[in-house]
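Contents: one structure, followed by commentary.
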Amino acid sequence: SKSRLSFAKRAEQHRNPLARHLFALAEKKQSNVVLSADLTTTNDLLDLADRLGPYIVVLKTHIDILSDFNDDTIAGLTELSKKHDFLIFEDRKFVDIGNTVQKQYKGGVLRIHDWAHIVNLSVLAGPGIVHALEETIKNGDISERGLLILAEMTSKGSLATGSYTKASIDIARMYPETVMGWVATRELSQFVDSKTDDEDFVVFTTGVNISSQGDTFGQQYQTPTTAMAGGSDFLIAGRGIYAAADPVAAVQEYRKAGWDAYKARIE
Ligand code: BMP
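3 is the number of the first residue of the sequence shown in full-length UniProt numbering; add one for each residue after it.
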């Protein structure tokens with residue numbers, strides 16, 4: 003596992019340019035916070051991204067929840083990602099056969115591949131989905147694009163456990179050039195073969211909240227501190243930040259908690 007190495011070291015050693023960029027951004031901004039910006043109008047989304055952009059390394063979107071998605075949504079997000087230096091992660095959770103997913107990634111009204119640095123997927127249908135997304139990335143003329151595999155889920159009763167989680171990791175390891183890591187609640191070191199020590203899959207953790215245990219639909223939270231102690235690298239937080247009375251104060255609190263915990267675990 004690479005979780006005891008500094009992000010600076012991991013940035014230096016990583017084979018994937020997007021992962022290198024991400025680790026370097028984290029060091030520069032002293033933040034491992036991914037803001038889950040689950041707002042439903044373009045104005046609210048861009049306003050939040052502008053105010054909180056300085057404190058985050060990645061902005062995670064659910065672009066299909068916007069009631070007024072249009073070209074300005076993407077122009078605005080792209081401009082803010084440059085202004086504040088953060089990456090964009092569309093939480094699309096692709097799950098279909100490769101042929102369909104390729105069209106969903108490249109085309110449609112959303113044209114996700116054009117603007118999202120990172121997208122995620124589930125391996126329910128087997129490795130063909132990764133093959134298809136990788137082909138789009140490799141054939142495209144945009145250099146910084148990467149995939150995350152949804153290896154676990156935070157909601158109560160999730161079926162993404164055990165052999166499913168292990169299969170997610172095995173498939174990630176088949177595509178190390180485009181799969182930069184996975185979304186999981188913890189390090190999953192029991193599934194990772196430590197023989198090949200040039201591997202460095204990045205762990206993104208959802209379900210992070212300082213002041214709540216969960217919601218009425220089965221969401222289950224851990225804190226930034228417990229997530230980092232469990233081997234997470236990047237903390238994804240939504241309502242804990244954007245629904246706080248003062249989102250700017252909240253993002254600073256999550257950033258400090260995440261960064262302190264990161265500092266505490268590196269060698
Ligand atoms: P919140 O912090 O407000 O609970 O939001 C969590 C975000 O992470 C949501 O956008 C949700 O879709 C996403 N998510 C999750 O909560 N659990 C998972 O297992 C995977 C997710 O992508």
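By construction, the Cβ of each residue, glycine as well, lies at the ideal position given by its N, Cα and C atoms. Computed from a predicted structure; not experimentally measured.
Query                                                                                                                                                               : Result
Report buried or exposed for L161, applying the criterion of at least 16 other Cβ atoms within 10 angstroms of its Cβ.                                              : exposed
Please report the Cβ distance between I67 and W117, rounded to the nearest whole angstrom; I am assuming they are in contact, meaning their Cβ atoms lie under 8 Å. : With 8 Å as the limit, I67 and W117 do not qualify as a contact, their Cβ atoms being about 16 Å apart.
If we require 3 or more residues per run, which beta strand (DSSP E) segments fall completely within the stretch 26–99?                                             : 35–38, 60–63 and 89–96
Beta carbon of D93, beta carbon of T63: below 8 Å?                                                                                                                  : yes
Confirm the yes/no value for this check: CB of L68, any heavy atom of the ligand BMP, distance under 7 Å.                                                           : no
Determine the burial state of F88: buried for a count of at least 16 other Cβ atoms within 10 Å of its Cβ, exposed for fewer.                                       : buried
Using the Cβ count rule (16 or more neighbours within 10 Å means buried), how would you classify N122?                                                              : buried
Could you pull the start and end residues of the beta strand (DSSP E) that A239 belongs to?                                                                         : F236 to A239
Per the DSSP calculation, G183 is bridged to which residue(s)?                                                                                                      : L150 and V204
Just list the residues that DSSP pairs I120 with in beta bridges.                                                                                                   : F91 and G148
In the DSSP assignment, what are the bridge partners of G216?                                                                                                       : Q222
Among residues of its own chain, excluding the 5 on either side of L126, which ones have a beta-carbon nearer than 7 Å to its beta-carbon?                          : V97
Which two residues bound the contiguous alpha helix (DSSP H) that contains G164?                                                                                    : G164 to M176
Would you say residue 331 and L61 are within 8 Å of each other, going by their C-beta atoms?                                                                        : Absent from the model: residue 331. The displayed extent of the chain is 3 to 269, so no value can be given.
State yes or no: is the C-beta of M155 nearer than 7 Å to some heavy atom of the ligand BMP?                                                                        : yes
Restricting to Cα atoms, I'd like to know which of S170, W261 and T44 is closest to K31.                                                                            : W261
Determine the direct distance from the alpha carbon of T187 to that of G209, and round the result to whole angstroms.                                               : 8 Å
Contact defined as beta carbons within less than 8 Å: I believe Y264 pairs with N34. What is the distance between those atoms, to the nearest angstrom?             : 6 Å
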